Amino acid sequence: MAVSRMLKMQLLGHSSIKGDLKKYLRARGVVEVTAADSGGSEAAVSDSSRDLEAGLESAENALEFLSVYEVPKSFFEKLSAGPLETSDEESAELARRVSVTEFSDRCAGLQADARSARDDLARSRGVVSSLEPWTRLNVPMEALRAGDYTVEFWSFSEKTGTGVLEEASEAFPLAVFETVASTAGRRYVAAIVSDGDTEELGEMLKERGCTMSSFEGLEGTPSEIIEKEKSSWANYERAAGESDEEARRHAGSSDDLRVMSDYYREAIGLDEVDDRMSTTDSTFLIEGWVRALDRSWLVGELGERFEEVEVSFREPLDDEEPPVHLDNIAVTRPYEFVTTLYGRPVYREDDPTPLLAPFFVFFFAMCLTDAGYGLTLAALAAFVLLKFRPKGGVRKLFDLLFAGGLVTAAVGIIAGGVFGLGVDSFPVWLQPFVLINPLEEPIKMLNISFLMGIVHILFGIGLRMRANLRAGLVSDAFFDDLAWMIFIAALAPLGYAGILGGQAPPSVIRGATYVSLAVAAVILITGGRKQKTPVMKFLGGLVKFYDVVGYFGDVLSYARLLALGLATSAIALAVNDIAAMVKGMPYYIGYVVMVFILIGGHTFNLAVNTLGAFVHAARLQYLEFFGKFFRGGGAEFRPFRSERKYSVLKDHD
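Numbering (our numbering), first residue to last: -3 to 649.
Structure below.
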């Protein structure tokens, strides 16, 4: 329905134009190159591929390192700077002149030097910090062991210190404890302990919250070590500063690195096309998929630019699965975002995007159900679209939110929802448009939700019936699809009257009863038609009736439209009530707090329920709608095109 017709292209050319032709195809971006299949020998993978990959990786690594050293540009500088422009010739010359691998290695060396200097500085400061409480010790650290005795350094809280020392002295009478310092609420104690008691004493002190410091490997008294370490700080800082300064100088070459990164990225793409070609000594063959819409102008341009080329096109073969490109009109194009989140249709399948669009946007509006929120959402989406001009999937998402906001505004007026305000506060001219209040008439809103669900489900089954008819499965179309459509439609008034307590004319109830019984008989007779024996056919028909449970559950799923609509309205009302309660605070503070509550509360409500509206509207499409007819699984059409990340070409021709 909106899946672009694809053609398989074969392009045969002379080797002398191969490079120019690849660049032309990249610039036009309309051909998805596939592996060619011809009688010629396939070209070997380019010997330069590994070097190109290494060049791209080196450029990206260097850019990542230098990003923290670049001088940030102001907002106005960014606006006036424009894109980074280059040409193929300038990029190639820069790549020949500068060894990006060597440059990246220098950056990696600077990074390692700076990190090493800062690590040494941090280690040195840690040593000084841990030794400062022990400066009263005038004994070299390497001399604090004699025979079977050693010195341990413990610290603990002043609050528990006395009790811990007394307990340790009683438990280990041969140990000697000497308080060296008390500072910042902690006591620092040197303990002379025999080797046989060190393990047991350590366990006891740790259980009581004590901490042991280890100065193994240090030589000299604490004061000497501290002085020596502090004297090295300037050297460490100087080394780190020199590495940083050189990195800042290198950061001036960041734009060159960006150009080279794009150059290698483009060269890799050209190499990949080479790998998919078939070549002889003097010719090459390119195969790929092209949209039928692009065929005529592509042939014309190729004929004008390249004399030594022959192009042919054919329809896809039955066993081929062409890539899929969705081609919808502007109104439904944003809803491709919803479709592709689930999956693309296969090539010979209809695109469900135009079919789901009206249902999705209406379900979205029913979940949000507030005109104020709808207009706010539309305004925010419009701001993003006009200010930032996003592309691709992001553009489609904000287009969808803009449309959803506008429809929500209309539905919100009908449902009497505007930032949680009462209908009485609406302008007089607007009040006649309010037809229902979900908070006061939830059953009425529930009935509308179920009615929308039945229509949605019947539409999905109808699409499945259409697909079965096109595939020649006439019996499936009539007995598995049409029969169930009639059956569900006949059960709808019976369920409305019998389950929901609604009122329906007796003639309608009587007619629905007769029709449902008649269709039930048809389903019973035909439900097991594919079975071989009469008994199995009868049992198959009975089992077929189990589908009614699934359809009943599908209809119940649409109650979420009521639930989310009520949640939005209730939270908006609660925000207004809380704001009104604080309004009376003295000295006008209440008005300030009220404004914060209104802005914060309604912003939160809009954000949360917009997310909920999108998720649940999409869920109804994926499970209750797509499950009836949509297979999906198509591959995205990915034409060979420029993959530049940082720069643009001055001349695309």
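Note that the Cβ used here is the ideal one computed from N, Cα and C, for glycine as well.
None of these values were measured; they are calculated from a predicted model.
Within the model, the alpha-carbon separation for residue 409 versus residue 428 is close to 10 Å. Counting of Cβ neighbours within 10 angstroms places residue 314 among the exposed residues, the total staying below 16. If one requires a minimum length of 3 residues, the beta strand (DSSP E) runs lying completely within the region 129 to 180 are 145 to 153, 172 to 179, in chain order. According to DSSP, residue 279 shares a beta bridge with 10.
In the three-state scheme derived from DSSP, where H, G and I count as helix and E and B as strand, residue 188 is classed as strand. When C-alpha distances from residue 609 are compared across 154, 555, 412, the shortest belongs to 555.
It is roughly 6 Å from the alpha-carbon of residue 3 to the alpha-carbon of residue 310. Per the C-alpha coordinates, the member of 583, 603, 579, 384 positioned closest to residue 592 is 579. Secondary structure note for residue 95: it is in no alpha helix (DSSP H), with a DSSP letter that is neither H nor E. Runs of the alpha helix (DSSP H) lying entirely within the region 216 to 254, each at least 4 residues long, are 218 to 247 in chain order. Residue nearest to residue 547 within the set 468, 266, 451 is 451 (criterion: CA-CA distance). Residue environment analysis places residue 201 among the buried positions, since at least 16 neighbouring C-beta atoms fall within 10 angstroms of its C-beta. At the C-beta level, residue 367 and residue 397 stay beyond 9 Å of one another. Put simply, the backbone Cα of residue 445 is about 35 Å away from that of residue 468.
If you look at residue 503, you'll find it in the alpha helix (DSSP H) that goes 502 to 522. Contact check between the region 174 to 192 and the region 139 to 150: three or more CB pairs, one atom from each, fall below 8 Å, which counts as touching. Three or more Cβ pairs closer than 8 Å define a contact, and the region 212 to 221 falls short of that threshold against the region 157 to 174. Cβ-Cβ separation between residue 319 and residue 633: approximately 4 Å, consistent with a contact (criterion under 8 Å).
For residue 441, the uninterrupted alpha helix (DSSP H) segment begins and ends at 438 to 466. DSSP, reduced to helix, strand and coil, places residue 400 within a helical segment of the structure shown. Apart from the 5 residues on each side of it in sequence, residue 613 sits with its Cβ closer than 7 Å to the Cβ of 356, 359, 360, 363 in its chain, given in chain order. Distance from the CA atom of residue 234 to the CA atom of residue 385, rounded to whole angstroms, is 46 Å. Counted as a single uninterrupted DSSP element, the beta strand (DSSP E) harbouring residue 208 occupies residues 207 to 209. The three-state secondary structure of residue 284, taken from DSSP, is strand.
In the structure shown, residue 381 adopts helical secondary structure according to DSSP, grouped into three states. With fewer than 16 other beta carbons inside 10 angstroms of its own, residue 47 counts as exposed. A Cβ-Cβ distance of about 17 Å is found for the pair residue 182 and residue 211, leaving them out of contact under the 8 Å criterion. Taking the CA atoms as reference points, residue 377 sits about 11 Å from residue 392.
DSSP places residue 645 in the uninterrupted beta strand (DSSP E) bounded by 643 to 645.
With fewer than 16 other beta carbons inside 10 angstroms of its own, residue 293 counts as exposed. The C-alpha of residue 196 lies about 53 Å from the C-alpha of residue 65. Counted as a single uninterrupted DSSP element, the stretch harbouring residue 556 is not any beta strand (DSSP E) but the alpha helix (DSSP H) occupying residues 555 to 578. Note: residue 81 is bridge-paired with 644 in the DSSP secondary-structure output. Secondary-structure assignment with DSSP links residue 630 through a beta bridge to 340.
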